[in-house]
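A short write-up of the structure that comes next.
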Amino acid sequence: MTDPTTDDDPGVRRRAGVVGVAGPAVLAALCGVAYATVSLLRFRRYETPSWDNAIFEQAIAAYARLEAPIVDIKGPGYMILGDHFSPITALVAPFYRIFPDGRTLLVAQAVLIALSVWVIARGAVRVLGTAGGLAVGLAYGLSFGIASAVWVDFHEVAFAALFLALAGIAYVERRWRAAALWALPLLLVKEDLGLTVLAVGVVLALSGARRVGLATGVAGLVGFLLTLLVIIPAFNPGGGYDYVGVIGAGEEAGPGPWATFWTGWDLKLPTLVATLGITGFLALRSPWVLVAGPTLLWRFVGDNPYYWGTDWHYGLVIMPIVFAAMLDAIVRLREGGAPAWMRRYAAHVPAVAAAVALALVSQFPLATLAEAQSYEANPRAAAAQEVLELVPEGAAVETDIGLITHLSTGRTVYWTGTVGDTVPDWMVIDAEAGWGQDAPDAVAYAEAQHPGTTWELALDRDGYQVARRVS
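Taken in order, the sequence shown gives residues 90 to 560; the numbers are from the working numbering.
This is the structure in structure tokens:
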């Protein structure tokens, strides 16, 4: 799986060699800059897609202080390991300790995904040569799963993208043990990824590495069951797992996994087509594509339409899997046994993948880099900054989604829906943060939420209201 350059001129070979080595690194660096820029521009414009970045920041800030990952946004004193099991995020803590800011998480995610681009591109160059390999790396770097994940702030699955890229390329190169070892850290990324490790084990066994595959599969299954049935319930205040309802189990069950699977195919089918189409559907010829099965399955049986489409971060885990599967399929076709037309098709797939990725860029968030409004200040930026300057560091503040990502640095932040009986010092309400026509008055809301307390209005500007507790 070396560069297939056959030119007799040594100079040409050297130039190809230099590009083949440096090209993946340069491509990854450019992608990393693009990812970070998209995220940081959105942060600068005070655009908050969800509370997730703030949740992860509270957990990582606790790790940086060498404390348990308490996330007050989920509820006062809430241990986040009882929600999702993602201790791998502690690896960001040393960097957060140096740069204590929510943007540190955004940059960390960009770096992790960019590293996965380097891994995929470097592996592709070894299989296809410089031009084809860089085309595959470009297609992966621009893929919709990555673009959508970058758009919605930091998530732990950025680590999964890197580990799955490393495991996938190891599989393509028939380094079975390395594939298994790179898959095992997925157990620390998120609880459902134990099933992905199990799938890796199954694929390794099917590929001939029976002992390695069996050990990996057992580790994945045991890790999954241990995490879901023991570790998470031990930390969860309710003694269970809060997300069983989305697959039709528990007291708050939805319609059930079978019924849910057969609904929503107006979203699911385009997601499947896009996921496999970016590889020219060649990924289907590799056993490695089975590794994507557990993630696709829980998404499609989950009673949450956000799982089914391409707009959030749920596709990030799938991207390195299908691209590694595409490379593996090309290797298998070269080894013989396939019709000549299919081998000819496979030779053109890298260019097709790059063309498809470029064609789809305009439909996904990386396109915002070319939009002038991305670089313009939010009309409410001055008011938002005034809120941040008014609420002092170290204060306890209750807020909605509006400025939660920005307030979480250096303050104890509670969300309006989970604060419980805890009484904060400040209340911040953003009338444009999902309240609709019913955005409350900050003082009245604070006094209703916390009977027996008295509040005063400290700021009312451009839809932001800040109330200060006086007793």
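Don't be surprised by glycine CBs; every beta carbon is placed ideally from N, CA and C.
Query	Result
Unbroken stretches of the alpha helix (DSSP H), 4 residues or longer, contained in the region 470-524	470-479 and 493-496
Through-space distance from residue 259 to residue 99, alpha-carbon basis	Low local confidence applies: a pLDDT of 30 at residue 99 is under 50, so the model's placement there is unreliable, and no value is given.
Test item: CB-CB of residue 165 and residue 509 under 8 Å	yes
Beta-carbon gap between residue 128 and residue 239 smaller than 8 Å	yes
Continuous beta strand (DSSP E) stretch holding residue 547: start and end	544-550
Simplified DSSP assignment, three categories, for residue 388	helix
Same chain, Cβ closer than 7 Å to residue 539, five either side skipped, listed in chain order	512
Close beta carbons around residue 274, own chain, < 8 Å, minus the five adjacent residues each side	177, 248 and 252
Nearest-angstrom Cα separation, counted from residue 392 out to residue 399	16 Å
Residues near residue 306 by beta carbon distance below 6 Å, same chain, minus five either side	287, 290 and 291
7 Å Cβ shell around residue 171 - same chain, five flanking residues per side excluded	321, 324, 325 and 326
Separation of residue 446 from residue 144, as counted between CA atoms	32 Å
Endpoints, beta strand (DSSP E) assigned at residue 557	553-558
Cα-Cα separation, residue 375 to residue 457	34 Å
Beta-ladder partner(s) of residue 159, from DSSP	168
Same chain, Cβ closer than 6 Å to residue 350, five either side skipped, listed in chain order	389 and 390
The region 462-481 contacting the region 548-558, beta-carbon criterion three pairs below 8 Å	yes
Length at least 4, wholly inside the region 216-282: the alpha helix (DSSP H) runs in chain order	219-230, 233-240, 246-261 and 265-272
Segment contact, 8 Å Cβ cut-off, at least three pairs: the region 221-241 with the region 117-125	yes
Rounded C-alpha distance that separates residue 90 from residue 158	Interpretation of residue 90 is limited by its pLDDT of 41, a score under 50 that renders its predicted location unreliable; the figure taken from the coordinates is listed afterwards. Cα-Cα distance, rounded: 44 Å.
Cβ shell of residue 194 (< 8 Å), same chain only, five flanking positions each side left out	142, 145, 146, 149, 181, 185, 242 and 243
Where the alpha helix (DSSP H) containing residue 396 begins and where it ends	394-397
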